[in-house]
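Residue numbers (the working numbering): 195 to 423. See below for the structure under consideration.
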């Protein structure tokens with residue numbers, strides 16, 4: 195039994211529509227878009243120099259001293275989980291399909307807390323969300339946290355810069371203000387090498403931060419535990 199001409203035309207149109215729809219689905223399923231890779235940075239292990247600095251400052255900070263690390267302030271371009279890059283023409287950009295595990299300021303806060311906590315300079319070190327009253331507070335500004343390409347077209351150089359302000363809680367005194375910075379050139383122009391350079395520069399900055407804090411606290415009076423918190 196043959197179909198009427200109008201029905202056959204409808205059937206053909208429906209069949210063609212189905213083929214187009216299925217081909218569209220196939221193109222989505224076989225997309226060439228790169229999967230996002232997520233990277234994490236690790237804090238350095240305590241080193242001998244930091245341990246010696248901890249012993250030298252123990253008398254001034256005392257076993258009662260507690261430090262709170264504030265979440266670093268950062269510009270919009272750095273307050274993200276995207277990995278920042280400055281091109282040779284000074285154009286600010288981010289790497290495609292690559293992310294940090296957390297926004298850069300959150301990641302830096304965690305690394306600073308971990309690094310200073312393991313250095314032994316304070317009885318306790320906690321972050322912005324800590325519920326305990328500290329003796330000292332450390333305010334940070336993340337100025338630079340990017341890789342930078344030069345005109346030579348080679349591997350980029352990572353730059354990490356932190357501004358730090360150390361304050362005493364009981365009288366709101368500003369004790370010291372300083373900047374720590376480190377640079378590290380990647381061994382190759384590929385993502386794993388760039389992330390390794392980020393980690394190296396960040397660990398250098400963390401070591402400098404610990405040393406500068408120890409020096410800043412050497413001549414500071416130990417907080418009086420009788421003062422109400």
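Note that CB positions come from ideal geometry on N, CA and C, so glycine has one too.
Beta-carbon gap between residue i and residue j smaller than 7 Å
i, j, result
"residue 334", "residue 358", "yes"
"residue 228", "residue 291", "yes"
"residue 318", "residue 260", "yes"
"residue 360", "residue 410", "yes"
"residue 295", "residue 355", "no"
"residue 188", "residue 351", "No statement about residue 188 is possible, as the shown extent of the chain runs from 195 to 423 and does not include it."
"residue 349", "residue 382", "yes"
Nearest residue (CA-CA) to residue i, options the options
i, options, result
"residue 270", "298, 305, 392", "298"
"residue 263", "282, 412, 328", "328"
"residue 408", "342, 267, 384, 369", "369"
"residue 276", "293, 287, 265, 268", "293"
"residue 388", "303, 239, 300, 343", "343"
"residue 303", "316, 384, 324", "324"
"residue 305", "330, 399, 347", "399"
"residue 289", "386, 300, 267", "386"
"residue 366", "394, 308, 330, 348", "330"
Simplified DSSP state of residue i, which is helix, strand or coil
i, result
"residue 403", "helix"
"residue 392", "helix"
"residue 300", "helix"
"residue 279", "strand"
"residue 386", "helix"
"residue 313", "helix"
"residue 357", "strand"
"residue 308", "helix"
"residue 287", "strand"
"residue 369", "strand"
"residue 239", "coil"
Contact the segment 369 to 384 vs the segment 280 to 288: 3+ CB pairs below 8 Å:
They do not touch, by the three-pair rule.
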